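Student:
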Ligand SMILES: NC(=O)c1ccc[n+]([C@@H]2O[C@H](COP(=O)([O-])OP(=O)(O)OC[C@H]3O[C@@H](n4cnc5c(N)ncnc54)[C@H](OP(=O)(O)O)[C@@H]3O)[C@@H](O)[C@H]2O)c1
């Protein structure tokens, strides 16, 4: 068997994507499984690596944390998996459960470890989960980072319950999962976007209210009005320094901000943090989530029959176009690459 793969290759300022197909290693270690990858999904994180926005060294690394496929071989000591099982890789290969530990930083797919943008990958038996039976491989490929980050933010760290309000910033991967999860338990999602047509799509998916953040750069005022002066109970903060001020202005007393993203850059927010104190707000830093929470999320997705929102599917050979498309931010939800 041959392994098709893409890798990052260093250029003057950032990275190119180049093909690096290779023969498979023969031996599977006793506790590993071999997965035929059927679909990969991209995250903004892959753009950060590709465009070298955070100065991370990823030369010769296979990109992408997120992928799903079918087990084609199991190591001699593997008990819990068999050939034919439908699985996804875990973003952190070592984070099984409990609180985050710094050691997991060295065990992230598509960052420190080779990721899923290859046709075959060997992973530890504890580094995969079964995918929800009702999902296609393409749909399931969206879960390991984007899905789990939204889940871990809202439920594990945030304690979201029905009737609360959730602010989803933008209509990218994490935010649309947050919309779907919130709606599925009877919470009310307010969605922000730069695009009215994307806001219309969000409404069709169950958004309670929508705001165009280009038309309303002070969108916190709009959120305040929509919630009758209560504010939102949870903010899915994927914007970072450029949106945190507005998020703090519209979070409810005793509310929760899940600090997730850096869409507006890596700098410091030019704003007072005082609203956090004055409102007794919880500010949780989020880094994806653990394997046991991935399993928990998958059970929820299956029970609620949630269908991940895929914008476009690219072929494996056309993977660079998928990166370009995600970078353009024209997408709604997820961008996927499929393998035959
Ligand atoms: N900490 C973690 O564990 C973790 C996990 C996953 C992702 N992240 C981070 O979370 C962020 C989102 O990731 P993703 O993969 O979901 O991104 P994505 O799919 O690329 O989402 C991009 C969308 O975000 C919206 N956006 C961009 N700039 C914005 C701004 N200034 N204000 C409001 N919305 C804006 C736009 O939506 P519209 O087109 O609708 O305007 C854009 O289409 C990234 O920074 C990523 O690195 C962190």
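Numbering (our numbering), first residue to last: -17 to 322.
For glycine and all other residues, C-beta sits at the position ideal for the given N, C-alpha and C.
Being a predicted model, the structure only gives us computed values, none of them experimental.
1) When DSSP labels each residue in this structure, what does residue 321 get in the three-state scheme?
2) Can you look up residue 116 in the DSSP assignment and give me helix, strand or coil?
3) For residue 38, which residues of its own chain have a beta-carbon under 8 Å away from its beta-carbon, when the five flanking residues on both sides are left out?
4) Quick one: what's got a C-beta closer than 6 Å to residue 291's C-beta in the same chain, skipping five residues either side?
5) Hey, would you say residue 151 sits closer than 8 Å to residue 136, going by beta carbons?
6) Measure the C-alpha to C-alpha separation of residue 77 and residue 194 and round it to an integer number of angstroms.
7) How about the stretch 143 to 150 and the stretch 204 to 214: do they share at least three Cβ pairs that are nearer than 8 Å?
8) In the DSSP assignment, find the beta strand (DSSP E) that holds residue 219 and state where it starts and stops.
9) Does ligand 1 have a heavy atom nearer than 7 Å to the CB of residue 128?
10) Tell me residue -7's beta-bridge partners as DSSP assigns them.
11) Going straight from the alpha carbon of residue 56 to that of residue 16, what length do you get?
12) Determine the DSSP secondary structure at residue 127, reduced to helix, strand or coil.
13) Just to confirm my understanding: we take residue 249, look at its own chain, exclude 5 residues before and 5 after, and list those with CB closer than 8 Å. What are they?
14) With contact counted as at least three CB pairs below 8 Å, one residue from each stretch, are the stretch 196 to 207 and the stretch 93 to 110 in contact?
15) Alpha carbon to alpha carbon, how far is residue 182 from residue 192?
16) For residue 114, does the count of other Cβ atoms within 10 angstroms reach 16, so buried, or fall short, so exposed?
17) According to DSSP, is residue 147 helix, strand or coil?
18) Pull up the distance between the alpha-carbon of residue -9 and that of residue 304, whole angstroms please.
19) Which full runs of the beta strand (DSSP E) of 3+ residues lie inside the stretch 155 to 219, going along the chain?
20) Using three-state DSSP, classify residue 88 as helix, strand or coil.
21) Quick one: what's got a C-beta closer than 8 Å to residue 141's C-beta in the same chain, skipping five residues either side?
22) Under three-state DSSP, which class holds residue 139?
23) What residues match up with residue 296 in a beta bridge as DSSP calls it?
24) In chain order, what residues of the same chain lie with their CB nearer than 6 Å to the CB of residue 2, ignoring the 5 residues before and after it?
25) Going by DSSP in three states, residue 285 sits in which element: helix, strand or coil?
Tutor: Taking the coordinates as given:
1) Along the chain shown, one-based indexing puts residue 321 at 339. Reduced to three states, the DSSP call for residue 321 is coil.
2) Reading the chain shown from its first residue, position 134 is the one you call residue 116. It is coil, neither helix nor strand.
3) Taking the chain shown and counting its residues from 1, one reaches residue 38 at position 56. Excluding positions up to five away in sequence, the list reads 30, 31 and 93.
4) Against the chain shown, residue 291 aligns to sequence position 309. Excluding residues within five positions, the ones whose Cβ falls inside 6 Å are 158 and 315.
5) Residue mapping note: residue 151 aligns to position 169 of the chain shown, counting from 1. Residue mapping note: residue 136 aligns to position 154 of the chain shown, counting from 1. Going by C-beta atoms, residue 151 is not nearer than 8 Å to residue 136.
6) Stepping through the chain shown from its first residue, residue 77 is reached at position 95. Stepping through the chain shown from its first residue, residue 194 is reached at position 212. Looking at the two C-alpha atoms, the distance is approximately 37 Å.
7) yes
8) Translated into positions along the chain shown, residue 219 becomes position 237. Note, residue 219: beta strand (DSSP E), 214 to 219.
9) Taking the first residue of the chain shown as position 1, residue 128 is located at position 146. Result yes, Cβ under 7 Å from ligand 1.
10) In the chain shown, counting from the first residue as 1, residue -7 sits at position 11. Answer is none; residue -7 lacks a bridge partner.
11) Taking the first residue of the chain shown as 1, we reach residue 56 at position 74. Taking the first residue of the chain shown as 1, we reach residue 16 at position 34. Approximately 6 Å between the Cα atoms of the pair.
12) Along the chain shown, read from residue 1 onward, the residue named residue 127 stands at position 145. Note: residue 127 maps to helix in three-state DSSP.
13) Residue 249 sits at position 267 when you count from the first residue of the chain shown. Cβ neighbours of residue 249 beyond the five flanking positions: 223.
14) no
15) On the chain shown, residue 182 is found 200 positions in, with the first residue counted as 1. On the chain shown, residue 192 is found 210 positions in, with the first residue counted as 1. In a straight line, the C-alpha of residue 182 is about 8 Å away from that of residue 192.
16) Working through the chain shown from its first residue, we reach residue 114 at position 132. Buried: at least 16 other Cβ atoms inside 10 Å.
17) As a working mapping, residue 147 is identified with position 165 in the chain shown. Strand at residue 147.
18) Taking the chain shown and counting its residues from 1, one reaches residue -9 at position 9. Taking the chain shown and counting its residues from 1, one reaches residue 304 at position 322. Here the alpha carbons of residue 304 and residue -9 stand approximately 17 Å from one another.
19) 170 to 175, 191 to 194 and 214 to 219
20) Taking the chain shown and counting its residues from 1, the one referred to as residue 88 is at position 106. Residue 88: helix per DSSP, three-state reduction.
21) Taking the first residue of the chain shown as 1, we reach residue 141 at position 159. Excluding residues within five positions, the ones whose Cβ falls inside 8 Å are 238.
22) For the purposes of this step, residue 139 is identified with residue 157 of the chain shown, where counting begins at 1. Residue 139 sits in a helix when the DSSP states are folded into three classes.
23) As a working mapping, residue 296 is identified with position 314 in the chain shown. Answer is 319, bridged to residue 296.
24) Here the question's residue 2 lines up with position 20 in the chain shown. Excluding sequence neighbours, residue 2 sits near -13 and -11.
25) In the chain shown, residue 285 corresponds to position 303, counting from 1. In this structure, residue 285 counts as helix in the three-state DSSP scheme.
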